[in-house]
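2 protein chains.
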Amino acid sequence: MKRKSQGVPSGFRDLLPEEAKVKAWLVKTIKEVYQKWGFLPIETPAVEFTETLVGEVTDFNLFNVAPSKERQTGKSQGLSLRFDHTVPLARFVVDNMSEITFPFKRFVTGSVFRGEAAQVDKGRFRQFDQFDIDIVGSSNIASDVEVILCMRDTMRAIVGEKFVIKVNTRKLLNCLPELFQFDKDKLKDVLIELDKRDKVSQKSLIESIKDIGIGQDEAMKLAEFGMISGDRDDVLTKVKNLFKNISSANEAISDLETINQALKVCNAKEIIFDMSVIRGLGYYTGTVFETNLLEAPAFGAVYSGGRYDGLLESFGVQALPAVGSSAGIDRMVAALMSIDFKVDADKKKVIVLPIDQSVTPYAFRVAERVREVGYVCEVYTGNKKKLSDRFTYADKLGYDYTLIVGEDEEKNETINIRNQKTKEQKTLSLSELKNFE
Amino acid sequence: MKRKSQGVPSGFRDLLPEEAKVKAWLVKTIKEVYQKWGFLPIETPAVEFTETLVGEVTDFNLFNVAPSKERQTGKSQGLSLRFDHTVPLARFVVDNMSEITFPFKRFVTGSVFRGEAAQVDKGRFRQFDQFDIDIVGSSNIASDVEVILCMRDTMRAIVGEKFVIKVNTRKLLNCLPELFQFDKDKLKDVLIELDKRDKVSQKSLIESIKDIGIGQDEAMKLAEFGMISGDRDDVLTKVKNLFKNISSANEAISDLETINQALKVCNAKEIIFDMSVIRGLGYYTGTVFETNLLEAPAFGAVYSGGRYDGLLESFGVQALPAVGSSAGIDRMVAALMSIDFKVDADKKKVIVLPIDQSVTPYAFRVAERVREVGYVCEVYTGNKKKLSDRFTYADKLGYDYTLIVGEDEEKNETINIRNQKTKEQKTLSLSELKNFE
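Listed below in structure tokens is the structure:
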């Protein structure tokens, strides 16, 4: 069978070992935090019914899927690859309702797929992994705090303190029409403009808000409101003052106060309030949040989410409030690679070099012993016979020690250890092997 | 937006936490062994060009993929979901040749997809995870040994000694026409029949071999040959005797002898030789092997592979010999669940129950401290106020301790610990918290 490699399709990619190691470390690190916070693992399939994913919406750019034979016969069902983990979670909860204890705290990871064009330089691919936590079945603001603090712990485990989590609530944004006296129907367009705060000048922000049909004064006030960001106490003071006559904002302010107090006793200095955090317009109903890496701001929000109390209802079941967050694994990896992030060194690595084929069995026995002692170990199984070629292989792959075994070693049950850095060699008995340092 | 859940598409499935925990443990366990053996991680995308996957073959039942908008405009490229990790590995090696040090030892995991009908009760799904190791770029039989022994260590880490790995070599099978004097063109059909040895009677096996156009005597001898299985020394003696006049079998026998010697010094009693192990006919060129779980034989081979020296060449590049093995994660999980396999208990789990909203911030501080001490810990963030309801939640999720915090606890910086099993309660100072036993 003849094949051809045309490389990978646009927006998809290979990970070489260096990058794959960073990704594996990232996934492991996040998983350990999620587990420590009591979240439980689940899995959902990559393929779902298209109707489950988007209902009757047709302009969403999904990847449609069909078995090749069924496609040929025209019998294929409407299947697509999932584009996030949140909609499949809702479907999962609907389908497994009787098996779930609420509030349901779960984590899930795996690839999601977008049919749209990729921006590979910004870490935006057509296939990327997300690692989500969600709490389903509680409207209690403590759930929002649990998610935000868990994100904080996760980010600390990844980059120490070099990140910021920005928190806002849609409940407050929903009061903007009343506060600044404009038509509620214009709120969506206003939020779309506020969301661009960091990308445009204050002047052009005001102009775009005016273009929606908002007066000069109100547009200026809205732009000013969008600038409110930073220390949580300061933001709270400003916001309370602004909304002091708007009773419909009381719940939003109470939410922000509870969040602030909990973050304060947990010393969460990396978390600020930011009135320009908007997130997906169709989804979120309360708290919203996003995370930026201080050393890689160009990659944008790498970890974000919020409260979405309407999603489960859209499946026609009882209203089940939910809040959650999604870490963009591949974007984080791209960001970390851009700042030369290095995973802590592996265990010391050892390679056994059998002098010839006849001592190969003994080489495997040696390797087994070396792994028992605690090192990473392989037997050199390549075709090259020259010792210098084998040393080159060992050095390229970062092996710390080479163990040369020949007939003498086998007969005496010894090993000849060479430190690849210092070039020092010594002979040790196999049975007394403990460590090489 | 209104959606509908029709459940998951046929052949796909959800994993609830209990099963997802087993799977996560399995993947982690396998990864740790692979790393310890010096294999390096890579990733390849789930989506590849169809031509990369199957060349010009059209009857393979792939899942074809197309972005919905491109499909509408008829502009979509020929893309499909990968059906294994081996073909993508070959494509990866071709595309990244200059970055790779050979022999290239890599591991990869992730979902693969088959368009064919599912057999869910046997653990055969349309999406399933495989966890592969391969060594590319060495024809040295030591590579085969490395893969087989690594499989042995992996299986030991999963089920102790309750497994068997059966090894054979296609090089020996290729000498069957010479040994039993039949037409080489009939070998493929003969192997297809021998592969069924465990599923049919000896008599009907002989009949089916005769149906290929093999004489009675030769058919009986072939069926007898297919029965040779068991202790490696015994099999070697039988095989050497059978093939003593067939010089083209020398290489095969030498391979088996090297493998046997290395397995012997590593005390690999779980590995036998079995002349009925055939594996994929189009692929393998040398050693072949498969693994069965002794306690769940109905699930068939859960971990198998072999040497495939022709695959890279099919991409039109230099011949690069390769050997590897693939663990069927989902089939193993299904098999393990069928024998009530339990993952070792998690760390002790603790839940903090704030008496009312005003002590929620303190509850998060307590939880933070408890996690620092080393427990899994969450704050109860549900809507239920009654303590009995909260205890029910804690018990359902297997929490070992509940920590009730109210205003007194906050004021005195203490916690009230309740052992959910013994119902014992005690009060501890937060700052002196170490452990609860």
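Protein sequences, first through last, are from chains V and Y.
Read in the working numbering, the first sequence has 198 at position 196, and its numbers run on one by one without any break.
Read in the working numbering, the second sequence has 161 at position 159, and its numbers run on one by one without any break.
By construction, the Cβ of each residue, glycine as well, lies at the ideal position given by its N, Cα and C atoms.
Relative to the C-alpha of residue i, which candidate in the options has its C-alpha closest?
i, options, result
"Y:Met157", "Y:Val95, Y:Ser360, Y:Val304, Y:Asn170", "Y:Val304"
"Y:Leu430", "Y:Lys198, Y:Arg93, Y:Val372", "Y:Val372"
"Y:Lys198", "Y:Ser433, Y:Ala68, Y:Asp276, Y:Gly307", "Y:Asp276"
"Y:Asp235", "Y:Lys205, Y:Lys266, Y:Gly228", "Y:Lys266"
"Y:Asn414", "Y:Val368, Y:Lys398, Y:Lys387, Y:Asn437", "Y:Val368"
"V:Ile135", "V:Lys349, V:Lys386, V:Thr383, V:Gly330", "V:Gly330"
"Y:Gly139", "V:Phe438, V:Gly400, V:Tyr382", "V:Tyr382"
"Y:Lys387", "Y:Gln359, Y:Val149, Y:Gly376, Y:Ser210", "Y:Gln359"
"V:Lys107", "V:Lys349, V:Glu426, V:Asp219, V:Ala144", "V:Ala144"
"Y:Phe182", "Y:Val29, Y:Lys240, Y:Asp219", "Y:Asp219"
"Y:Val10", "V:Met222, V:Leu28, V:Glu20, V:Phe51", "V:Phe51"
Using a Cβ-Cβ cut-off of 7 Å (strictly less than) and excluding sequence neighbours within five positions of residue i, which residues of its own chain qualify?
i, result
"V:Ala120", "Ser12, Gly13, Arg126, Phe127, Arg128"
"Y:Thr404", "Ile353, Leu355, Phe393, Ala396, Arg420, Gln422"
"Y:Lys173", "Glu253, Ala254, Asp257, Gly288"
"Y:Glu163", "Glu272"
"V:Gln204", "Ala225"
"Y:Asn437", "Val375"
"Y:Asp131", "Thr111, Gly112, Ser113, Ile331, Asp332"
"V:Trp27", "Val345"
Excluding the 5 residues preceding and the 5 following residue i in the sequence, name in chain order all residues of the same chain whose CB lies nearer than 6 Å to its CB.
i, result
"Y:Leu356", "For the record, residue 356 of chain Y in the displayed sequence is Pro; it is not Leu. Answer for Y:Pro356: Thr362, Ala365, Val407, listed in chain order."
"Y:Glu380", "Ile353"
"Y:Val319", "Val96"
"V:Asp311", "Thr287, Pro323"
"V:Lys168", "Ile274, Asp276, Val279, Glu292"
"Y:Lys25", "Val335"
"V:Ile137", "Pro105, Lys107, Ser145, Val325"
"Y:Ala321", "Glu315"
In chain order, what residues of the same chain lie with their CB nearer than 8 Å to the CB of residue i, ignoring the 5 residues before and after it?
i, result
"Y:Leu313", "Thr88, Val89, Ala92, Tyr285, Ala324"
"V:Lys23", "Val345"
"Y:Lys190", "Leu283"
"V:Leu349", "In the sequence as displayed, the identity of residue 349 of chain V is Lys instead of Leu. Answer for V:Lys349: Gly376, Tyr377, Val378, listed in chain order."
Please tell me whether residue i and residue j are closer than 9 Å, where the distance is taken between their beta carbons.
i, j, result
"Y:Glu45", "V:Leu17", "yes"
"Y:Leu83", "V:Val67", "yes"
"V:Leu435", "V:Ile417", "yes"
"V:Leu196", "V:Ser278", "yes"
"V:Ile280", "V:Leu193", "yes"
"V:Gly228", "V:Asp185", "no"
"V:Leu64", "Y:Ser70", "yes"
"V:Val378", "V:Lys351", "yes"
"V:Ser328", "V:Phe133", "yes"
"Y:Ala298", "Y:Ser250", "no"
"V:Tyr36", "V:Phe109", "yes"
"Y:Ile32", "Y:Ile160", "yes"
"V:Ile211", "V:Ala221", "yes"
"Y:Gly80", "Y:Glu118", "no"
"V:Val290", "V:Asn170", "yes"
Could you tell me whether any Cβ in chain Y is nearer than 9 Å to the Cβ of residue i?
i, result
"V:Asp136", "no"
"V:Glu272", "no"
"V:Asp410", "no"
"V:Phe2", "Any answer about residue 2 of chain V is impossible in this case: the structure gives chain V only from 3 up to 439."
"V:Phe182", "no"
"V:Ser82", "yes"
"V:Asp235", "no"
Consider the Cβ of residue i: report whether some Cβ of chain V lies at a distance smaller than 9 Å.
i, result
"Y:Phe291", "no"
"Y:Val10", "yes"
"Y:Glu148", "yes"
"Y:Gly384", "yes"
"Y:Cys177", "no"
"Y:Arg128", "yes"
"Y:Ala324", "no"
"Y:Gln359", "yes"
"Y:Phe143", "For the sequence presented, residue 143 of chain Y should be read as Ile rather than Phe. Yes, Y:Ile143 lies at the interface with chain V (some Cβ there is under 9 Å from its Cβ)."
"Y:Ala92", "yes"
"Y:Asn421", "no"
Of all the CB atoms in chain B, is at least one closer than 9 Å to the CB of residue i?
i, result
"Y:Ile353", "Included in the structure are the protein chains V and Y, with no chain B among them."
Whole beta strand (DSSP E) elements within the region 405-431 of chain Y, 3-residue minimum: Here the runs fully enclosed are 416-421, 427-431.
Minimum length 4: unbroken alpha helix (DSSP H) runs contained in the region 66-103 of chain Y: Entirely contained in the region 66-103 of chain Y, the alpha helix (DSSP H) runs reaching 4 residues are, in chain order, 70-74, 88-97.
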